[in-house]
Amino acid sequence: MIGTETRIGDNRDIRNHAVIGAQVTIGHRVKIKPKAMIGVKVSIGDDVEISDEVMVGVGAIIGSRVKIGAGAMIEPGAKIRDGEIIIPRALVS
1 MIGTETRIGD NRDIRNHAVI GAQVTIGHRV KIKPKAMIGV KVSIGDDVEI SDEVMVGVGA
61 IIGSRVKIGA GAMIEPGAKI RDGEIIIPRA LVS
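Once you know that position 45 of the sequence shown is 45 in UniProt numbering, the rest is easy, because the numbers rise by one and skip nothing.
Have a look at this one:
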């Protein structure tokens, strides 16, 4: 499911059962795996991989070249810098 007013870049791979809120911006070459949940007004840079069952809170900003491990929780308003790797089941605030 993809919300209204969401912009998605080229060469993306969004898997089944991923939920993407409204007014989300997704860059180029982004992979979103099954059961990931992306909140409203999230910004995702280019070349990002979001693994299974990741939850991204409202208004979070994810830079480019970021990898987020399975089951991680990105809290609302969190900012992840370019090139960061988030380990599985991590809590990012």
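Just so it is clear, CB atoms sit at the ideal spot from N, CA and C, and this is done for glycine as well.
Note that the structure is a prediction, hence the values are computed from the model and not measured.
Just so you know, the alpha carbons of residue 65 and residue 51 end up roughly 14 Å apart. In the same chain as residue 90, and ignoring 5 residues on each side of it, the C-beta atoms closer than 6 Å to its own belong to 72, in chain order. In the displayed model, residue 48 falls within coil according to three-state DSSP, outside both helix and strand. Contact between residue 77 and residue 57 is confirmed by a C-beta separation of about 7 Å, below the 8 Å threshold. The Cβ atoms of residue 41 and residue 15 do not sit closer than 8 Å to each other.
Under the criterion of beta carbons closer than 8 Å, residue 19 and residue 30 do not qualify as touching, at roughly 15 Å.
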